[in-house]
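In our numbering, the protein residues as written are 100 to 203.
Just so you know, even glycine gets a beta-carbon here, dropped at the ideal spot from N, CA and C.
Let me begin by presenting the structure, written as structure tokens, before commenting on it.
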Amino acid sequence: MALGYVGVLTIRVEMPWVASLKEKRALVRPVVERLKVRFPLTVARLDGLDAHDWEVIGVATLSNDYGWVEETLRMAADYIAKEGPYRVTSEHIEITPLGPDEDE
100 MALGYVGVLT IRVEMPWVAS LKEKRALVRP VVERLKVRFP LTVARLDGLD
150 AHDWEVIGVA TLSNDYGWVE ETLRMAADYI AKEGPYRVTS EHIEITPLGP
200 DEDE
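This is how it looks when you write it as structure tokens:
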């Protein structure tokens, strides 16, 4: 039986109309900061930091309740999708059990 679950969401956002890194940061950073305040999550800008038209945002959470982890990550994905002036082009959720293997 798992002691808990670690959930990770990776989401790629694109904004092909953006012409500079400064403009992109002004669109993405506020959403990332509000997400940290609104949900019990760790959030980071993971990839595309040097690209002006796309970025990958990573979100992680931990709980002893699988359903809670899944629901929280889904709410975070929905929040990211609706809060920013960009397009979400891909998202991936992975939930990993913690604790000893069943064979032990």
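Residues near residue i in its chain [Cβ-Cβ closer than 7 Å; skip 5 each side]
| i | result |
| --- | --- |
| Ala176 | Leu108, Ile110 and Glu190 |
| Tyr185 | Val112, Glu113, Met114 and Leu126 |
Buried/exposed call for residue i, threshold 16 Cβ in 10 Å
| i | result |
| --- | --- |
| Val136 | exposed |
Contacting residues, own chain, Cβ-Cβ under 6 Å from residue i (five flanking each side not counted)
| i | result |
| --- | --- |
| Tyr165 | Tyr104 |
Residue i versus residue j - alpha carbon distance
| i | j | result |
| --- | --- | --- |
| Leu161 | Leu126 | 27 Å |
| Ala101 | Leu145 | 28 Å |
| Thr195 | Gly106 | 6 Å |
| Glu193 | Met174 | 14 Å |
Close Cβ partners of residue i (< 8 Å) along its chain, the five nearest in sequence each way excluded
| i | result |
| --- | --- |
| His151 | Val117, Ala118, Ser119, Leu120, Glu122 and Lys123 |
Span of the alpha helix (DSSP H), counted from its first residue to its last, around residue i
| i | result |
| --- | --- |
| Ala159 | Counting along the chain, Ala159 falls outside any alpha helix (DSSP H), though it belongs to the beta strand (DSSP E) covering Trp153 to Ser162. |
| Pro196 | From DSSP, Pro196 is part of no alpha helix (DSSP H) but of the beta strand (DSSP E) over Arg186 to Leu197. |
For residue i, the first and last residue of its enclosing beta strand (DSSP E)
| i | result |
| --- | --- |
| Tyr104 | Gly103 to Glu113 |
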